[in-house]
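Residue numbers for the sequence shown follow this note's numbering, so the first one is -5 and each next one is one higher.
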Amino acid sequence: MSENIMLFYCKTCQRASKDAKKHPKKYEYKCPHCKGDRVVFGTEKAICDFFRIKETMLARMLSDAPNPEKK
Ligand SMILES: [Zn+2]
């Protein structure tokens, strides 16, 4: 668990990601999976503490490729 790594967490997908897209004009982020904007940004530790994500769960979220059948 790291204090320094910044993560995005999509409340719609309930997934963490390292590479959400920042809106070019507004100060908001888009989820790379669902394109939604219910995305929060914080340190890995803050996100995991707040959403009660276990380290093993987080590792799975970050390594999971998006399911191509779901789109
Ligand atoms: Zn999402």
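Ideal Cβ positions, reconstructed from N, Cα and C, are used throughout, including at glycine.
Every value quoted in this text rests on a predicted model; they were computed, and no experiment measured them.
Bounding residues of the beta strand (DSSP E) (the contiguous stretch that carries residue i)
| i | result |
| --- | --- |
| A10 | 9 to 11 |
Residue burial classification, residue i (beta-carbon count within 10 angstroms, cutoff 16)
| i | result |
| --- | --- |
| S11 | buried |
| R9 | buried |
Alpha carbon of residue i to alpha carbon of residue j, nearest angstrom
| i | j | result |
| --- | --- | --- |
| F2 | D13 | 7 Å |
| Y23 | E49 | 23 Å |
| I47 | K29 | 22 Å |
| F35 | S57 | 18 Å |
| V33 | C42 | 14 Å |
| K19 | M55 | 28 Å |
Whole-angstrom C-beta distance between residue j and residue i, which should lie under 8 Å
| i | j | result |
| --- | --- | --- |
| T37 | C25 | T37 to C25, Cβ: 18 Å. No contact. |
The alpha helix (DSSP H) enclosing residue i, as first and last residue numbers
| i | result |
| --- | --- |
| C28 | C28 -> no alpha helix (DSSP H), and no H or E assigned at all. |
| T78 | What is shown of the chain runs -5 to 65, which leaves residue 78 out entirely. |
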